[in-house]
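Notes follow once the structure below has been shown.
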Amino acid sequence: MTRKVYPSVLVVGVVPSLIWPVARCLKRAGGSPTILAWHGLSPMRMSSDCSGYIMWNNIRKTDGMLDLSALGLVERICETRSIDIVVPADYDSALLLARRPQDSRLPCVPVPSAGVISEMNDKWTFTRFLERLGLPYPESERIESEQQLLATRLPFPIITKPLDKWASVGFELHQSREALAETLRHQRLKSDFPLIAQRYIPGWDVGASFLANHGRLVAYSLFHHKVDGERVFFEDPRLRDYLAAFVAATDYSGVGHIDTRYDPQRDHYQLLELNPRFWASLLYAMNAGLNYPDLLVHLDEWDHATVNTAPARRVRLPLYERMMTLTNRWFSKGYEMVTGAQL
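For the sequence shown, the UniProt record's numbering begins at 1 and goes up steadily by one.
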């Protein structure tokens, strides 16, 4: 496939730690994306990975979702800057574009339906869906109160976490019922109710990333994460089949990432949660040979008869990408603390 001029891309989002990796991937593929982001100050303003940084002014949330009025500036930028395609970087922006009016003329990359995004982002709903599909997941309970949590029938150790947070926010391991009772007695539980409780799976974390088009798996990559700053990519037909079954059942279009746990004693995978968006380790996949943002932008051009995957290899990020990842993370937290800005 021969490409001429790279499309003019607008990357939109509210989470800098996801926005910049998407822009970086597009830059490495030959693009020069424009960024529309919520933070007024950002190191991305000075980055050569984008051709421009625009503040997403006057956006707000209604019922936990970005108000549709936020699409107004997106549409104006597309018109004035001759944008060919819009790429949402995070959950809020993906859900916003999935909810755009049917008569909208926004040139958007494929995204999952709004129902799939919002429902599968809920960890409890996700486990119920896996149950119906016959896919593996840890024993789980939806917990509404302290009393219900203390009376859990799950064997310890267990973990608790919020239904819809990510990046380990609210994640907590409880070694015993007595330790859990002590945590509750001192009001130190990291997650609010309702929450999900799951049986702890010994082993290590595995990431299963994918790109799909109308329920068909187009690309995927698998990695395990045992050492900070390193991802080891590998192949396993079981996980590939789990991904294919999930995207087919949801008629999934777009990118996604399923957090998984591998138990080496049982040689068994357990699916934990879905990120219906780009993910924090995106740059590792690019450096392993699979550039998901570029694949997504050119999704209609690919021969889908062959499923793309990352070759088995060990990956560490180049120094610049490591430093920019940390800088964006620290800067965004500092900006919100200093300005008090919240969505």
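Where is the CB? At the ideal position from N, CA and C, for every residue including glycine.
Remember, it's a predicted structure, so these values are computed and weren't measured experimentally.
- Task: Please confirm whether D294 and L26 have their CB atoms less than 8 Å apart.
- Result: Yes.
- Assuming G207 contacts S281 (C-beta within less than 8 Å), just tell me the rounded distance between them. Confirmed, about 6 Å.
- Item | Per DSSP, cross-strand counterpart(s) of M65 | According to DSSP, M65 bridges with T62.
- Query: Who does K161 pair with in a DSSP beta bridge?
  - Reply: DSSP, once it has assigned bridges, lists I196 as partnering K161.
- Sheet register partners of A37 (DSSP bridge): G13, M55.
- Which of the three DSSP states, helix, strand or coil, is assigned to V169? The three-state secondary structure of V169, taken from DSSP, is coil.
- Start-to-end residues for the beta strand (DSSP E) that takes in F210: 204 to 213 is the extent of the beta strand (DSSP E) around F210.
- Please state if the CB of I54 and the CB of M44 are separated by a distance shorter than 8 Å. Cβ distance not < 8 Å, so M44 and I54 don't count as in contact.
- Give the C-beta separation of Q198 and I158 to the nearest angstrom, bearing in mind that I take them to be a contact with Cβ-Cβ under 8 Å. Between I158 and Q198 the Cβ distance is about 7 Å, and since that is below 8 Å, they are a contact.
- Task: Would you mind working out which of R261, E301, L180 sits nearest L149, comparing C-alpha positions?
- Result: When each option's Cα is compared against that of L149, the closest is L180.
- With burial defined as no fewer than 16 other Cβ atoms inside 10 Å of the residue's Cβ, what is the status of E235: buried or exposed? Under this definition E235 is an exposed residue.
- Take R60 and list the residues in its own chain whose beta-carbon comes closer than 6 Å to its own, dropping the five residues that flank it on each side. The residues are D67.
- Task: Mind reading off the beta-carbon distance from A312 to F233? Whole number of angstroms is fine, and I expect it under 8 Å.
- Result: Right, the Cβ-Cβ distance comes to about 6 Å (below 8 Å), so this counts as a contact.
- From Y269, E301, I117, V255, residue whose alpha carbon lies closest to that of W279: The shortest C-alpha to C-alpha distance from W279 to any of Y269, E301, I117, V255 is the one to V255.
- Beta carbon of R109 nearer than 8 Å to that of L296: One point to set straight first is that residue 109 is Val, not Arg, in the sequence displayed. Yes, the Cβ-Cβ distance between V109 and L296 is below 8 Å.
- Message: Let's test the definition: count the other Cβ atoms within 10 Å of the Cβ of Y91 and tell me whether it reaches 16, buried, or not, exposed.
- Response: Buried, since its Cβ has 16 or more Cβ neighbours within 10 Å.
- Task: State the DSSP-derived secondary structure class of N275, mapped to helix, strand or coil.
- Result: If DSSP states are grouped into helix, strand and coil, N275 belongs with the strands.
- Looking only at its own chain, which residues have a Cβ that is under 6 Å from the Cβ of N308, when we skip the five neighbours before and after it? The answer, listed in chain order, is A219.
- Can you tell me whether R261 is buried or exposed, with buried defined as 16 or more other CB within 10 angstroms of its CB? Within 10 angstroms of the beta-carbon of R261 lie 16 or more other beta-carbons, which makes it buried.
- Item | Cβ-based burial, K333 [other Cβ within 10 Å; buried from 16] | Classification for K333: exposed.
- Message: When you compare the CB positions of I85 and V15, do they come within less than 8 Å of one another, or not?
- Response: I85 is not a Cβ neighbour of V15, given a cutoff of 8 Å.
- Query: Cα separation between A248 and V87?
  - Reply: Each residue's Cα considered, the two are about 23 Å apart.
- Query: Candidates N287, Q270, V315, P276: which alpha carbon is nearest G134's?
  - Reply: Of N287, Q270, V315, P276, the residue nearest in Cα terms is Q270.
- Message: Quick test of your reading: H257 and S191, contact by CB under 8 Å. State the CB separation rounded to the nearest angstrom.
- Response: So it is not a contact: roughly 21 Å between Cβ atoms.
- Backbone secondary structure at Q270 - three-state DSSP: Taken through DSSP and simplified to helix, strand or coil, Q270 comes out as strand.
- Message: Once DSSP output is grouped into helix, strand and coil, what is the label at F233?
- Response: In the structure shown, F233 sits in a strand (DSSP, three-state: E or B).
- Message: Rounded to whole angstroms, what is the Cα-Cα separation between H174 and Q147?
- Response: When rounded, the distance between both Cα atoms is 16 Å.
- Give the straight-line distance between the Cα atoms of D122 and R240, rounded to the nearest whole angstrom. Rounded to the nearest angstrom, the two C-alpha atoms are 22 Å apart.
- What's the gap between the Cα of L189 and the Cα of S118? Roughly 25 Å separates the two Cα atoms.
- Query: By how many angstroms is the C-alpha of R329 removed from the C-alpha of V5?
  - Reply: Going from the Cα of V5 to the Cα of R329 covers about 32 Å.
- Task: Determine the contact status of V116 and P276, defining contact as a CB-CB distance below 8 Å.
- Result: Yes. Within cutoff.
- Message: Relative to the C-alpha of L71, which candidate in L95, G64, S48, S82 has its C-alpha closest?
- Response: Of L95, G64, S48, S82, the residue nearest in Cα terms is L95.
- What are the boundary residues of the alpha helix (DSSP H) that includes P293? Element bounds for P293: 292 to 297.
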